[in-house]
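This report refers to the structure that appears directly beneath it.
Numbering (the working numbering), first residue to last: 18 to 347.
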């Protein structure tokens, strides 16, 4: 008798688990990614090659790194659209200091200092002064881009010392196959995913994004959580900018143009809610990969850039609409 009771109690576990998995946004995104890969693999003979796949991973690394920070800001209930201009701006102290000192470490320190300063300003204005974060970061976007244009005279600043360590950061490959930026992106993704899932800050972040007032009553420092989210976003965008500068071998004034929209699109496609409190870094990463593989596949099929933009925009709108319908039914 106890055995039959135990069996009856355990019976619903399988279907219940399947239902829970089916409701997870990441499962739908993974299936969508596999469908995209399968479609382009059939449409192009060169799509499913090691060279092309590793190239896509390398291209996806920058939006993936920056997307971690943007997703964290979105989960906190705020917005950060300044990352594109920050990616261009941090290359200036990076390259300038390296040229003057021939030190890769000092160049990176200068870049991180600028990124930290931008994150602190964004976080203070949005979290502590209560200014709308979209307005704050949009203003930062224009200020940084204008500053880049003024300093560079709209000309590239080349890497004159050509340090091998700096070159390998953005152009080297692990075991001669996997691009170093992709390795760095995966390490950061795993680290921050663990951080959000298993550390107190992660719980606070979701609570603050879900309902700031309830989070405040629970004893969470809402302003501090939002402030830290902006700092993390700026520092991760700085890392993406360092990788891009290494790849380009210079500080380019047009670097990062439109990058913020590419990252925000991937984050939203990955299921991170614009209203805060919902989303995961795994979903964000899948969103980045879907858009990168779609862009790469359309390019291989010689689809005009204009149509690539139309198709990508349609995918994003469809994803957001589907997510909204799912939420209403829930």
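By construction, the Cβ of each residue, glycine as well, lies at the ideal position given by its N, Cα and C atoms.
Bear in mind the structure is a predicted one, so any value in this text is a computation, not a measurement.
- Bridge partners of residue 196 according to DSSP: 190.
- Put simply, of 67, 121, 143 the residue whose alpha carbon is nearest the alpha carbon of residue 242 is 143.
- For residue 99 against residue 161, the beta-carbon gap comes to about 7 angstroms, under 8 angstroms, which counts as contact.
- For the options 314, 104, 325, the alpha carbon positioned closest to that of residue 280 is the one of 104.
- Counting only unbroken stretches of 4 or more residues, the alpha helix (DSSP H) elements lying wholly within the region 241 to 314 are 276 to 286, in sequence order.
- When C-alpha distances from residue 90 are compared across 218, 334, 270, the shortest belongs to 218.
- Taking each of 53, 58, 48, 87 in turn and checking the Cα distance to residue 291, the smallest one comes out for 87.
- Note on geometry: alpha-carbon atoms of residue 122 and residue 255 lie some 14 angstroms from one another.
- At least 8 angstroms separates the beta-carbon of residue 222 from that of residue 257.
- Residue 215 counts as exposed, since fewer than 16 other C-beta atoms from the protein chains shown sit within 10 angstroms of its C-beta.
- Beta-carbon to beta-carbon, residue 303 and residue 50 are separated by about 6 angstroms, close enough to satisfy the 8 angstroms threshold.
- Annotation for residue 275: 101 place their beta carbon closer than 7 angstroms to its own, counting only its chain and skipping 5 residues before and after.
- Counting other Cβ atoms within 10 Å of its Cβ, residue 152 stays below 16 and is therefore classed as exposed.
- Your pair residue 284 and residue 81 does not check out as a contact, with CB atoms roughly 10 angstroms apart and the cut at 8 angstroms.
- Within the model, the alpha-carbon separation for residue 190 versus residue 199 is close to 9 angstroms.
- Here the region 134 to 149 makes no contact with the region 267 to 274; the two share fewer than three CB pairs at distances below 8 angstroms.
- Around the beta carbon of residue 208, fewer than 16 other beta carbons sit within 10 angstroms, so the residue counts as exposed.
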